[in-house]
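Numbers 1 to 358, taken from the UniProt record's numbering, label the letters of the sequence shown in order. Read through the structure below, which is laid out as structure tokens, and then see the notes.
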Amino acid sequence: MKNKLKDIDELIFTFFILLSVLFLTFIIKPTEIVDIIEWKTIFSLFYILVIVNILKDCGFLEWISLKILKKTDRVFVVLILLTLIMSMFVTNDIALFVVIPITLIVAEYCNINLRKILMLEGISANIGSSLTPFGNPQNLFIYHHYNINPINFIVNMVPLEIFGLLILIPFLDFKRAKINIESIEIQTFKKEWLIYLLIFILVVASILGMFNYIYLFPIILFISLIKRVKIDYLFILTFCALFIDIEGLKRLGIIEFFKISYENDIFVMVYSSILSQILSNVPTAILMSNIYNNWLPIAYGVNIGGNGTLIASFANLITLRLSKGNIYLIEFLKYGFIIYMLHLILLVIYLYLKNRFL
């Protein structure tokens, strides 16, 4: 199952890349790439992946996670909250790469419902990452594409986050678990982690526009080479390809097939969420941003649309790949669709009341 899911993941990436190659061969001049790709988004994504992977590889993220677990015996809730909070700051994908292995280890020392918690960690990563501009790739793109004020972005995404948390609560297990966390070896805090944390803060500051992002490139590149950081360059290349693909579809006139003149906030949100189930939420964010001018319903749609089908979000594939066969696909999809529909319904009601009374 793990290898099959990996093949699906790589197949999706390869499709978008090959499509961009076709466009560059027949429709778009290679020299136009400089203007087509939003480089600030690409560089920001690269910075985040490098520094967060360093924090993961050096053991800091595991250290802080296990430190938190030592303070409580409500393991199920703590791991879900850890996923939610971590995904807000280090992206949903990275949060899962950290939390799921820890969950598999912790499950050996306590009686949590492993299958259920792994499914909800994947779902909660999609929800938690929705809050911040750098929580996931689609937010990073929307944030840069529309040049949104960071505080304005977060404030507007709060309702989505609150509704997502409310929906998750009935699915959580609040029972106390007997856990022998002392038997898990936790390394001591290392001073070098402070350097990486400082760089992480600088990366976030550059994403928020406090200084020119290009200034950080030599530092990030140097660290990535010295530390031999394993970066998912295929994912970054795919993200570049998406910009080319959307431009190619635009020049062919195909993008007009996706455009529906009825530009209502609720409609745009629902439409974005449905397309995310089919195209995945990152390409949907880029596509919809080339059609509609109002960023908020698009952001709502592609974020809640991350839960549902297997390809709705790359985080879903990662969850299944890391679970080591402890998740049943049908059950995972059932949970995802239920939460997706409940989330969508609450946001439809919210936007309806907001547009009518505010």
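In this text, a Cβ means the ideal position worked out from N, Cα and C, and glycines have one as well.
Residue i, DSSP secondary structure in three states
i, result
"Phe76", "helix"
"Ala205", "helix"
"Met210", "coil"
"Thr83", "helix"
"Ala315", "helix"
"Ile112", "coil"
"Asp232", "coil"
"Pro133", "coil"
"Leu353", "helix"
"Leu165", "helix"
"Met1", "With a pLDDT of only 44 at Met1, under the threshold of 50, the placement of this residue in the model should not be trusted, and no figure is reported."
"Thr309", "coil"
"Thr103", "helix"
"Gly248", "helix"
"Asn147", "coil"
"Gln138", "helix"
"Ala177", "coil"
"Phe200", "helix"
"Cys264", "Per the sequence shown, the amino acid found at residue 264 is Asn instead of Cys. If DSSP states are grouped into helix, strand and coil, Asn264 belongs with coil."
"residue 383", "The requested residue 383 is not part of the displayed model; the chain covers only 1 to 358."
Cβ-based neighbour list, residue i, same chain, cut-off 6 Å, excluding 5 preceding and 5 following
i, result
"Ser280", "Ile311"
"Met1", "In this prediction, Met1 has a pLDDT of 44, which is less than 50 and means its spatial position is unreliable; nothing more can be read from the coordinates."
"Phe200", "Ile51"
"Gly301", "Met269, Ser272 and Ser273"
"Leu249", "Ile255"
"residue 371", "An answer regarding residue 371 cannot be provided, because it is not within the stretch 1 to 358 covered by the chain."
Close-in-space but distant-in-sequence residues of the same chain around residue i (CB under 7 Å, 5 per side omitted)
i, result
"Leu237", "Ile17"
"Leu82", "Ser65, Ile68 and Val99"
"Pro150", "Pro133 and Leu208"
"Leu61", "Leu55 and Val98"
"Leu216", "Tyr47, Leu202, Val203 and Ser206"
Environment of residue i [buried if 16+ CB atoms lie within 10 Å]
i, result
"Val52", "buried"
"Ile214", "exposed"
"Lys190", "exposed"
"Gln138", "buried"
"Asn136", "buried"
"Tyr340", "buried"
"Glu161", "buried"
"Gly253", "exposed"
"Glu32", "exposed"
"Asp35", "exposed"
"Thr91", "buried"
Neighbourhood of residue i by C-beta distance below 8 Å, restricted to the same chain and skipping five residues each side
i, result
"Glu38", "Phe141, His144, His145 and Phe243"
"residue 369", "Within the shown structure, residues of the chain are numbered from 1 to 358, placing residue 369 beyond reach of any answer."
Check: residue i C-beta below 7 Å from any heavy atom of the ligand ZN
i, result
"Val21", "In the structure on display, the ligand ZN does not appear, and there are no ligands present to speak of."
At least three beta-carbon pairs within less than 8 Å, the segment 337–355 to the segment 260–271: yes
| task | Evaluate contact between the segment 290–298 and the segment 312–331, counting only Cβ atoms and requiring at least three cross-stretch pairs below 8 Å. | result | no
Those runs of the alpha helix (DSSP H) which lie wholly inside the segment 17–68 and span at least 4 residues: 33–36 and 39–57
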